[in-house]
Structure formats: C-alpha cells, structure tokens
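In the working numbering, the protein residues as written are 405 to 842.
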C-alpha cells in the first residue's frame, strides 16, 4: 500500500497538475468563441439521431457524475481542506476546454473499430503505441474510478444508513450492473436517459434543503473556501505554502475524478452518437462539466461546510451532514440516490472499458470483460477506502498522460472542424463490423 501511495503522489505531481490546468486554459481561451457558439446552438439542426445524442450525453454525464460528486467531494474536503473546492472549480473551468477538444477530436477521427482518444491518438497522431497505452489505462481506470470507488461508496452509505452488510450490497450491485451492461450500449443508453435526470433532480433538491436550513453559515463557508485555496491562516493571518499545495493537488485530482476532463473518457461515450457536427459533441461535453462540478459538486461542498459535519469520511460524511439538517429523512433519500448515481457510473464506465478493449483486441473478450467487471463491483464494496481511491488516482493519471499529448499536438486540427463544412459532412455515425452496441 505504501508503494501505491508513493506512485500516486509521483504521478500526480506538479507536472501533471500544471499540464491539465495549462492545456485546459489554452484550449478554452484560443477557441472560446466557437465553443460558446456551439454551446448555445445545442438542439439546432437536430436529426433523427437526436435521441441517440441525448442518450450518449446522459451516459457520459452519468459516468462523470457518480459518487464523485458526493463521496469524492467529501474526501477532497477531508484531505485538502475547504480550499480544495476552489481548485475543483478552477479545474472545471479549464477542463471545459479539454472536454471540448477531446470530443471534437474523437468525433473527427472515429473509425469502425475505434472512437474517442483511442481514435485520434491512432489515426490523428499516428501513434499506435500511445493509443494502445491509453486503451490499457482506460480498462484499468474502468475498474478503479468507474467501478470499485462507486460500489464502495454505495456499500458504505447503505451500511451507515440501514446496517446493510457490505457483501450483500456488493452482490446486489454486481447483479444489477450485469443486468444492464450485458444488454450492450443500447440498454445502457436507455437506462442512463431515464435514471440520470431523475436522480440528479432529487439530489439537488435534497442538498438545496440542507443548504437552506444552514443558510446563515453560507458566508463563512465561502470565506473558508477562499482562505483555504491560498493557504491563508484564519488565526495568524499567515500563508502556508504546504497547505496551498495540498489544496491545489487534491482539488485538481478530485475535480478530474468528478468531471473526467483530460482523461479522454468523454470522447469514448460521445463517439457513438448520431451527430455529424463535432462541435455539438464538444458543447455537450462542456455542459456535462457545468452540471457535474459547478452544480452537483458545489451543492455537496456547501452542504458539508455549512453543516460542519465531521467524524466520518466519504459518503458517510455526507450522510451525517444531511442528517443534521433534515433528520432521519436523509436515511431514506441519500442511500438510494447514491446507489443510482453509482449504478449510472458503473454502466457508463463499463462501456468505456468495453470500447477501449475493443480497440485493443478487435472485439474479442468483451463479454469476459463485462463479467470480470461485475465481479470487481462486489470486491470493491469490501475494500478499504484509502486503497480504492489510490488505485483510482493511479489509473486516472495513466489515462491523462496518454491523452494530453494528443490534444496538445492535434489542437490546430480540431479548430478546423468548425469551419470546414466538408470535414463535417465526412464525419458520419460509426458503422462497425463489430460494435459494443450489440
């Protein structure tokens, strides 16, 4: 475990954090006009594939939302203090540029056997090695961020709220996940289109009620966020460089865990949508970051800071905060919400892993992968929290290290997607000899 901690800290050093923030800012600023124009034109020129586009968006949003908006935010506050929230916001703003770029590139370079980052690294950058490394890291990440962290948060919450044993939750989650993902991407899309909007509304209403009951603490919560972001000591007035560095690192790490900007997973999920306009896919990705980080993560952070809950970690800490404000009703609302959020992420990331494995093997072993994925759901429910998050951070870093060079070197080509109408018409929905939709 000590080795994994050391590896995680090394991978998530200042180099990767700086690259994520710097490249995200560059992409956002250089292409801000077209990105904003695409954002406001979503829904125009909708074709018969509109429903598929909506399903792709909900699958991607469900994969990004998950328990990272709940347990992930609680962990960020525990490890990095309130200042980590500020750097989550910064990572989200700059991450919108990365999400936009990787979705546009993924749509432009998609082929029968590849989509997303695996496609533009292979066909755009011309690097089969980097594309293969990305696919391997994506499969690994699907078992970390997309699997064990989700089942662990679900099991932790159900045990704290109702005393449900961890193995029972793990087995139930594995069965439910298998029932969805073994039906392929069409069933995944239908499930996400129904579940994601409903559970998001329920959670935001509940978190809003908690914040409203503690509204007198809101000014203090925002002040605490700003002080912590820059390492300011509220007592002495001094500045702690170590505290600020910890807030930045944890905030960016948890921000990436939440909205997945820079990892390349968003392009995998949007690559199947029936859209001929790459900029529309990029704009949908930007909307997901807004809904994920600026709405849901902020709601969780403010609920925790205003209620001043302590004595627990992860999803259990959020449950304690909700109990302080709305009483035992939290035990009836939060566990089902977390369970559905976790299930949405599980099925979304199983698709990411399937797509990555398909690009490596040409479609072989996908069914076997899905069965192993379901077993990992059960295992993750019983692992220690620290081990689960460390494994997830390592896999995320691997995806980012493979994906970011492709965005950096192919950025100018993605800009031409907005003005070159012929290029747009050349991009058509994928028709594969083998497809994970089957």
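Backbone N, C-alpha and C fix where the C-beta goes; we use that ideal spot for every residue, glycine too.
Residue 785 carries a coil assignment under DSSP once its states are collapsed to helix, strand and coil. Taking residue 726 as the centre and dropping the five residues before and after it, the same chain places the C-beta of 614, 734, 738 closer than 6 Å to its C-beta, in chain order. With three or more CB-CB distances shorter than 8 Å, the region 556 to 570 counts as touching the region 471 to 484.
For the set 653, 788, 674, the Cα lying nearest the Cα of residue 801 is the one of 653. Apart from sequence neighbours up to five positions away, the residues of its chain that approach residue 554 with a beta-carbon distance below 6 Å are 470, 471, 746, 749, 750, ordered along the chain. The alpha carbon of residue 701 has as its nearest neighbour, out of 719, 786, 569, 632, the alpha carbon of 719. Ranked by Cα distance from residue 779, the options 539, 535, 546 are led by 546. One Cα belongs to residue 808, the other to residue 617, and the distance between them is close to 43 Å. Classified as buried, residue 491 has 16 or more neighbouring CB atoms from the shown chains inside 10 Å of its CB. With a contact defined as Cβ atoms closer than 8 Å, residue 486 and residue 709 qualify at about 6 Å.
Going by DSSP, residue 693 is part of the alpha helix (DSSP H) stretching over 682 to 693. The beta-carbon distance between residue 693 and residue 480, rounded to whole angstroms, is 16 Å. This is too long to meet the 8 Å contact definition. For residue 554, the enclosing alpha helix (DSSP H) begins and ends at 553 to 566. Residue 406 sits exposed, since fewer than 16 C-beta atoms from the chains shown fall within 10 Å of its C-beta. Residue 574 sits in a helix when the DSSP states are folded into three classes. When the five nearest sequence neighbours on each side are left out, no beta carbon in the same chain lies closer than 8 Å to the beta carbon of residue 530. As for any alpha helix (DSSP H) of minimum length 4 sitting wholly inside the region 600 to 667, the runs are 622 to 633, 645 to 663, ordered along the chain. Residue nearest to residue 582 within the set 791, 776, 731, 798 is 776 (criterion: CA-CA distance).
Only exposed fits residue 790, as fewer than 16 other CB atoms lie within 10 angstroms of its CB. The beta-carbon separation of residue 774 and residue 754, rounded to 6 Å, stays under the 8 Å limit for a contact. Judged by DSSP in its simplified three-state form, residue 760 adopts helix. Taking a cut-off of 8 Å on C-beta distances, the region 619 to 633 does not touch the region 658 to 670, as fewer than three cross pairs fall below it. Residue 538 places its beta carbon less than 8 Å from that of residue 806. In the three-state reduction of the DSSP assignment, residue 413 falls in the helix class, which pools H, G and I. For residue 423, the enclosing alpha helix (DSSP H) stretches over residues 418 to 434. Contact annotation: residue 484 and residue 624 have beta-carbon atoms that are not nearer than 8 Å. For the set 494, 548, 489, the Cα lying nearest the Cα of residue 787 is the one of 548. The three-state reading of DSSP puts residue 768 in coil, since its state is none of H, G, I, E or B. Taken atom to atom, the span from the alpha-carbon of residue 715 to that of residue 544 is near 32 Å. Between residue 556 and residue 431, the alpha-carbon positions lie close to 35 Å from each other. Cα atoms of residue 425 and residue 412: separation of roughly 18 Å, rounded to the nearest angstrom. Per DSSP, reduced to three states, the secondary structure at residue 739 is helical. Here the C-alpha atom of residue 586 lies approximately 28 Å from the C-alpha atom of residue 606. Where residue 496 is concerned, the enclosing alpha helix (DSSP H) starts and stops at 487 to 513.
Non-local beta-carbon contacts of residue 568 in its own chain, meaning distances under 6 Å to residues more than five positions away in sequence, involve 562 in chain order.
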